[in-house]
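Read in order, the letters of the sequence shown are residues 91 to 151 in our numbering. Positions of the beta carbon are idealized from the N, C-alpha and C atoms, including for glycine. Scroll down for the structure; my scribbles are underneath it.
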Amino acid sequence: MTSSTVISTSRADRESRLPAAASALLLGLFILYGVGFALGQGDVLHNAAHDTRHTMVFPCH
């Protein structure tokens, strides 16, 4: 196996994961802001997310 084969395989692998990573990032941001600014029963969603962040020892304020 030559070094050019390794580099091209690595690049192809990285390019195939890029759409999945971008989709996961966008979904995560949508959920984060959706819960943070939910209308109607927003307090319930916000408090549940807040408690979950505290449970996972993630600083939130």
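Reduced DSSP category for residue i - H, G, I as helix; E, B as strand; rest coil
i, result
"P109", "helix"
"F127", "coil"
"H151", "coil"
Own chain partners of residue i with C-beta closer than 8 Å, once the 5 adjacent residues on each side are dropped
i, result
"C150", "H140, R143, H144"
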